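Read the structure below first, then the notes.
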Amino acid sequence: MPSQGASMVTIDTAAFSAAVFDLDGVLTRTATVHSAAWKTLFDSYLFKRAAQGGEPFRPFDDHTDYLRYVDGKPRYQGVAGFLESRSITLPYGTPEDSPEEESICGLGNRKNLLFKNLLEQGEIEVFDTTVALIRRLRERGLKTALVTSSENALVVLEKTGLSDLFDARVDGLESIRLGLKGKPHPDIFEKAIELLGVPAQQALGVEDALSGVRSARDAGYRLVIGIDRSSTMRDQLLECGAHHVVDDLGEVVLSPPADESLLPDALADFNAIAKRLERAKPVVFLDYDGTLTPIVDRPEMAVLSDETRTTLVQLAERHTVAIISGRDRRDVEQLVALENLIYAGSHGFDIKGPSGLCMENRQAEGVMPALDSSERLLRDKLAPIEGALVERKRYAIAVHYRLVADSDIEAVSAAVDAAIAQAAPVLRRAGGKKIFELRPSLPWDKGKALSWLLSALDLDHPDQVVPIYLGDDETDEDAFLALRERKGIGILVATEPCVTAAHYRLADTHSVAEFLSRLTQLQERT
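First residue of the sequence shown? That's 2 in the numbering used here, and the numbers climb one at a time after it.
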């Protein structure tokens, strides 16, 4: 297994027969709905209690209290745990208690009612990277199961259309029926692999709650992956038993099957690509740094060659060409300086193109104050470190350490951690080639931007269009994953073979220029 702290986690699927996933916060974004329901419940109860007793009102903290006392746990257990933290004693009651009853069960039933009402008010957001990983695991022959303390799991699965993802389900209702103890006890994770007929040493578990990680660990799972979407719980998740912690399951890749050869070279295998383009037209998506230009010491030194610029002009005359970069959109637009291309900056948060094409992720506007304060903190902490470069982007901050002495890299990383801790959960930490990056904790990436563009341009027709993406960095893996869902072609630019979701490989930027030139020539002949 990769070491803890690796930016990407590789799973050797030959070692596993089953994968077990939590629901809230792992598959769906219903964790925020649960948190809102808990806060409404407890704030109402605590305010009433404070008014009656003449005590100061101390509200429920929907981050700290949520994670510590209720996240991932059965409802009644969560109620009891939080009330105990406030030295409040109530009778337990019975599961049949009215939601108005001041008992553990009554408050728990009231929370469930609040949660259901919130669910009915809006759509349930799904983490596409989780769905993609589950489907790829199933393609490799692994059985899959869902475990959750929620009694509303079936409703959520049916509403999202994801019931077909799992061979077994152990939810809150099933736990009550079977008398299973809730998380952090291992019962539900043990029951899941029992239903799948798989031993614990052939199972992997995925959780975002501390209690859930403990549960999977104590069930003896061979691999436990913790998800830290807020970039604040990494150490706690590791302490609870996670073997690896990721910000999102897009950072998890599957090693090639033992009988699968290394990625074919896109130039050597160009005839196969050309064959696919005989009946469908290409739409070309390109990263900038490391793909169109070599990686350089400083961002401003990455200049497009005349040869590549000419090729892009010729290609864009015939087909849709988009640059999707981690740079600011205006920055990459000025560097390329071609009017008939589409430019997507900040990993796709800011998009502009011909014919009035324009999109800015409105949610990202809300992160500006956090980015501003993080930038000030980073510039202050990194000023004494020679070679450290803080690059402020519109929707992100990149900290470059390519010119930093090896002995100082840990200090740079610590400064980034401090900034993330200050900005959590608004920002999350990400990586790249010799950079640390602070990005919005929003479900948006290069893969989402690629999919949005195909839809916005009415090019989302797999039988008529073949999207092609060329990129060199771990941030491009999101686009490669999106292409696997859309039967496109992903091409990794890398000097050495590595684990990736891409279909082909090119050695360097010179090979990229040659590939694009051949693509242009191919279209001239058709």
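Glycine is no exception: its CB is placed at the ideal position from the N, C-alpha and C atoms. No experiment lies behind these values; they were computed from the predicted model shown.
Cutoff 7 angstroms; reference residue i; Cβ partners in own chain excluding five residues on either side
i: Leu484; result: Pro468, Tyr470, Ile490, Gly491
i: Glu121; result: none
i: Asn341; result: Ala317, Pro355
i: Gln522; result: none
i: Glu308; result: Ala514
i: Lys434; result: Gly291, Ile296, Asp474
i: Ala495; result: Asp473, Arg506
i: Asp1; result: Since the first residue shown for the chain is 2 and the last is 527, residue 1 is missing from the structure and cannot be characterised.
i: Thr294; result: Ala303, Val304, Leu305, Thr510
Cut-off 8 angstroms between Cβ atoms - residues of its own chain near residue i, not counting five sequence neighbours on either side
i: Phe516; result: Ala267, Leu268, Phe271, Leu471, Ile492, Leu507
i: Val199; result: Ser18, Ala19, Lys144
i: Gly242; result: Val214, Arg215, Ala217, Arg218, Asp219, Val225
i: Leu205; result: Ile12, Phe17, Ala19, Ala20, Val21, Tyr222, Arg223, Leu224, Val225, Ile226
i: Arg230; result: Gly26, Asp209, Asp248, Asp249, Pro426, Arg429, Ser442
i: Ile105; result: Tyr77, Val80, Ala81, Leu84, Leu91, Pro92, Tyr93, Gly94
i: Arg87; result: Leu47, Arg59
i: Val132; result: Leu28, Leu163, Leu166
N-terminal and C-terminal residue of the beta strand (DSSP E) that residue i is part of
i: Met360; result: 359-361
i: Pro441; result: 436-441
i: Val284; result: 282-287
i: Pro57; result: Unbroken run through Pro57: none, as it is neither H nor E.
i: Leu404; result: That residue, Leu404, is in no beta strand (DSSP E); it is neither H nor E in DSSP.
i: Leu174; result: Element bounds for Leu174: not the beta strand (DSSP E) but the alpha helix (DSSP H), 173-179.
i: Asp290; result: From DSSP, Asp290 is part of no beta strand (DSSP E); its letter is neither H nor E.
Own chain residues within Cβ distance below 6 angstroms of residue i, not counting five before or after
i: Ser518; result: Thr312
i: Lys382; result: Ala416
i: Ala431; result: Glu438, Arg440
i: Val284; result: Thr321, Leu460, Val466, Pro468
Run of the alpha helix (DSSP H) containing residue i, from where it starts to where it stops
i: Phe22; result: Note, Phe22: premise wrong, no alpha helix (DSSP H); beta strand (DSSP E) at 19-23.
i: Ile398; result: Premise fails: Ile398 lies in the beta strand (DSSP E), 398-401, not in any alpha helix (DSSP H).
i: Leu138; result: 129-140
i: Pro370; result: 369-383
i: Ala483; result: 478-487
i: Ala81; result: 76-86
i: Arg319; result: 307-319
Whole-number beta carbon distance between residue j and residue i, since they are thought to touch under 8 angstroms
i: Val34; j: Phe116; result: 6 angstroms
i: Pro1; j: Leu428; result: Past the edges of the chain, shown from 2 to 527, lies residue 1, and the structure says nothing about it.
i: Tyr402; j: Val413; result: 5 angstroms
i: Leu119; j: Val80; result: Leu119 to Val80, Cβ: 18 angstroms. No contact.
i: Phe481; j: Ala502; result: 4 angstroms
i: Ala406; j: Gly388; result: 7 angstroms
Residues bridged to residue i [DSSP beta-bridge criterion]
i: Val10; result: Val253
i: Pro295; result: None; Pro295 has no bridge partner.
i: Gly433; result: Ile436
i: Ile469; result: Val285, Ile490
i: Ala146; result: Val21, Ala169
i: Ile343; result: Ala323
With a cut-off of 8 angstroms, do at least 3 Cβ pairs link the region 211-231 to the region 176-194? yes
Taking 8 angstroms as the cut-off, does the region 105-121 touch the region 53-66 (at least 3 CB pairs, one atom from each stretch)? no
With a cut-off of 8 angstroms, do at least 3 Cβ pairs link the region 368-379 to the region 346-353? no
At a cut of 8 angstroms, does the region 84-92 reach the region 120-135 through at least three beta carbon pairs? no
Pairing CB atoms from the region 394-401 with CB atoms from the region 319-339, are three or more of them under 8 angstroms? yes
Spell out a yes or no on whether the region 132-141 and the region 52-61 are touching, meaning 3 or more CB-CB pairs, one atom from each, closer than 8 angstroms. no
Could you tell me whether the region 23-42 touches the region 452-462, where touching means 3 or more Cβ pairs closer than 8 angstroms? no
Measuring CB atoms only, is the region 165-177 touching the region 187-197, in the sense that at least three cross pairs come out at less than 8 angstroms? yes
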